[in-house]
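Heads up: the sequence shown begins at 64 in our numbering, then just goes up one per residue.
Reading through the structure tokens given below for one structure.
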Amino acid sequence: MADDEKKKSTQTQSETEGGIRPFPSPPRNPHTVRIFALIVGINDYPGGIPKLNGCLKDVDQVTGYLREKFGNPKQTPRKKKLAGKTQSGSPLTVEIDGRLHLCALKDSQATYRNIVRGFREHLSHATDKDTVWFHFSGHGSEQFAAPEFNELDPNGRDQTLVCYRDENDTGAPLFLADKELAALLQEVSKNKPHIVVSLDSCHSGSGTRDTEEPKGVKPRVYPFLNSADREDPALLPGSIRTFDSYLDGYYQKMDQLDIPVAEHVLLSACESVQTAGDMARGGIFTTSLIEALRDAKGPIHYARLFAKTRARASKRRSAQNPQFETIGGFDPYTSFLLGEPMPDISNFYEVFRKGSDWYVRCGAIHGLPTGKQGQIKLMIAAGKPTGTNRPGKIGAFIEKVGAQHSKIKLAEGQRLDKEEEYFAEILAMPAAPAYVKLFGNRPAVKALKAQWDASKNILLAGKKTETEAPALSVEATDTESFIIRDAHTGKQFVEIPAESGSLARRIHLVQQNLDKIARWKRMIDLDNPNTRIRGLFEFKLKVLDKDARAIPYVGHELAIYTSDGVFKKDTRGNDLLGINFRVALKKAQQDLFLYAFDLSSGCAIKFRNDEEKVIRVANMNAGDSMPLRSSPYAWGLGPDDQGATRWFKLLVATEELDYHQLEQPGLVGAREVEMEEFDAEKISEDWCAETIKVVLVRRE
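Next comes the structure, spelled out in structure tokens:
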């Protein structure tokens, strides 16, 4: 494919190094958040579509949880009819129960048109103080996408939700495509609510790993495509979408084609090549999700909720691996539905059994050093309270570091129950510690030393036995603030002022920010020198200039000057350019999973794909390329900035990553911009990283 991209508008939210992040950010009020929910379940599919058993149970589980948490038991819920024309025999209603605004669509009500109405006439009323939750339980499938989308999505397929369609209404849409869901979410996001999407369905049954399903389990998949070739004359009618059919011509009306990206979190039942399990008592994914929510003591953030949900689902069905995606910059460390920041990112990882061995979902890609087996110590705890005859915590160490999963060995005399859920905390890392120099106001320095937590491998400098110079410094000022700097360059990372809270609170923020800086530095340095997949692709940074021209940059260190004429000056005096990423396939050898990250000078680590991107060699050839974002985002210099630096990192893996474990918000208060056939050996458990350092320099 050609390198030149179509002109696209930059996103309205830009990031300059001169923007000040509020300290602290005002939180959402958990006691007033309203929940606008659209919950869909279909068992009774008509025609030749296989019927399901547990989707209506899923609706009951989700709505029951919502009523319990957000309903008002002292008042009778009132019902409101949606004003638009309904397709089913009864009008669509919204039940208002306390802070819950609920629209549930079951079986014949869950048509394509009614689901679209649920978004436009119900969810669109949510404000920035509210939360939106769309849940779908039913069949998933695939269609060939309209060819107009090939530039944006070279894989050429739509992932779809199978709606209810009456046998006599063959003209009605059957599938809600992912591109249509993206457009509906964009419409809902205009008022900036907190958005959650959960899908208990699957899209392809060709890659299911179970040769035999557990008793009482059936897959939630409708294999609509009967051929992998879009030119096959045997394709069923409707196998290839027409461009004008997406949401009543939504994309056809665009001047420049662009798939919108709304900020939201997506929890889905399984990988794209797996099937979702359906049971009479409910879907495996939905049941596991609601159980994890009910067992949580107080608020739980999405990253922890996902880990607990996946652990439960895998106990019920080994071939089902739930997926978790943070899209459009969504913060995975906010509380479920409430959207409150929960900044304490603990190093807890799921422990699971494979064969006769135990593993932890943490590996080299998360920063574990290879060649240090036996030196990485863990503490394992049960996901639920343990019985009186079992220890609450069990010691272990890493026996073999893998790319994403590492084999563990339990302390002598210890054992784990294969029916239990476990999570591990990393206690000790053999990596060299980061040393910090403390100086300034003596009482404050003394208090900081007294409360120092060395468990993060960040140690105090100053001991005579120490040979390494400190990498960071913390100054306690006479105005009761703390300033964290790079000890080598003197560059300030962040100042924690007196008004940020009590001394104990400020000390907590110092250590929290030091941990973020250490994680950020590790991410910049992260690489796999022994990889065998680096030659399969090429990572390109695409800069959109002021004339909307896409300029490709290749290399590991780049400098872009304001005098180059590529910057666009906005009304506030910021000099901006558009940032996008593209990956070119050099060898069509195997599928690759692509993850782009942006590491700012404020130590934020942001996932910058629109969503997880996969190069499918069945659909792409050597020389083809794929954009990681449908639209660029803006970055640049503030009016007073003389320069700025960022690192753009691409992680490429042969398997899917829990990429959210690598994200983190920036430092609070920091300055940010936002001819014999030969089958090549298939590589597994491999990954590599490509890093591009970009420096912006003001030069007239």
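Note that the Cβ used here is the ideal one computed from N, Cα and C, for glycine as well.
| Item | Value |
| --- | --- |
| Cβ-Cβ distance between ALA474 and ALA459 below 8 Å | yes |
| Buried/exposed call for ASP578, threshold 16 Cβ in 10 Å | buried |
| Terminal residues of the beta strand (DSSP E) in which GLU753 lies | 750 to 760 |
| Rounded C-alpha distance that separates VAL499 from VAL757 | 27 Å |
| Which residues DSSP lists as bridging HIS723, in chain order | DSSP output for HIS723 lists no bridge partner at all. |
| Residue range of the unbroken alpha helix (DSSP H) whose run includes MET586 | 566 to 588 |
| ALA539 classed as buried or exposed, judged by whether at least 16 other C-beta atoms fall within 10 angstroms | buried |
| Chain-order list of residues whose beta-carbon lies under 6 Å from that of ALA240 (same chain, five-residue window excluded) | ASP221 and THR223 |
| CB contact flag (ALA173, LEU129, <8 Å) | no |
| Contact belief for GLU763 with ILE668 at Cβ below 8 Å, rounded distance in angstroms | Not confirmed; about 33 Å, so no contact. |
| Inter-stretch contact at 8 Å, needing at least 3 Cβ pairs: the stretch 410 to 425 / the stretch 464 to 472 | yes |
| Whole-angstrom distance between PHE711 and VAL760, CA atom to CA atom | 17 Å |
| Unbroken alpha helix (DSSP H) run spanning CYS118, endpoints | 118 to 133 |
| Sheet register partners of THR223 (DSSP bridge) | SER204 and ALA240 |
| Selection from GLY117, ILE363 and CYS751 that minimises the alpha carbon distance to ILE347 | GLY117 |
| Per DSSP, the bridge partner or partners of LEU329 | VAL260 and GLU388 |
| Exposure of GLU482, with buried meaning 16 or more beta-carbon neighbours within 10 Å | exposed |
| Integer Cβ distance of GLU488 from MET442, believed to fall under 8 Å | 5 Å |
| C-beta atoms of LEU589 and ILE755 nearer than 8 Å | no |
| Burial state of PRO154 (16 or more Cβ within 10 Å) | exposed |
| Contact under 8 Å by Cβ, SER693 with LEU310 | no |
| Cβ-based burial, LEU330 [other Cβ within 10 Å; buried from 16] | buried |
| From ASN520, ARG176 and VAL537, residue whose alpha carbon lies closest to that of LYS509 | VAL537 |
| Bridge partners - VAL537, DSSP secondary structure assignment | LEU501 and ILE547 |
| CA nearest to the CA of ALA209, picked from PHE197, PHE182, ALA189 and LYS242 | LYS242 |
| Which of helix, strand or coil DSSP assigns to LYS676 | strand |
| Residue(s) in a DSSP beta bridge with ALA716 | PHE656 and TRP750 |
| Of the listed residues LEU400, TRP583 and ILE457, nearest to PRO93 (C-alpha basis) | LEU400 |
| Endpoints, the beta strand (DSSP E) within which ASN643 is located | 638 to 648 |
| DSSP state of LYS456 mapped onto helix, strand, coil | strand |
| Where THR389 falls, given that 16 or more other Cβ within 10 Å makes a residue buried | buried |
| Start and end residues, alpha helix (DSSP H) containing ARG357 | 347 to 358 |
| Where the alpha helix (DSSP H) containing ILE178 begins and where it ends | 175 to 180 |
| Candidates TYR227, ILE580, ASP232 and MET317: closest to ALA246 by CA position | MET317 |
| Neighbourhood of VAL617 by C-beta, 6 Å cutoff - its chain only, sequence neighbours within 5 removed | LYS603 |
| PRO113 - DSSP class collapsed to helix/strand/coil | coil |
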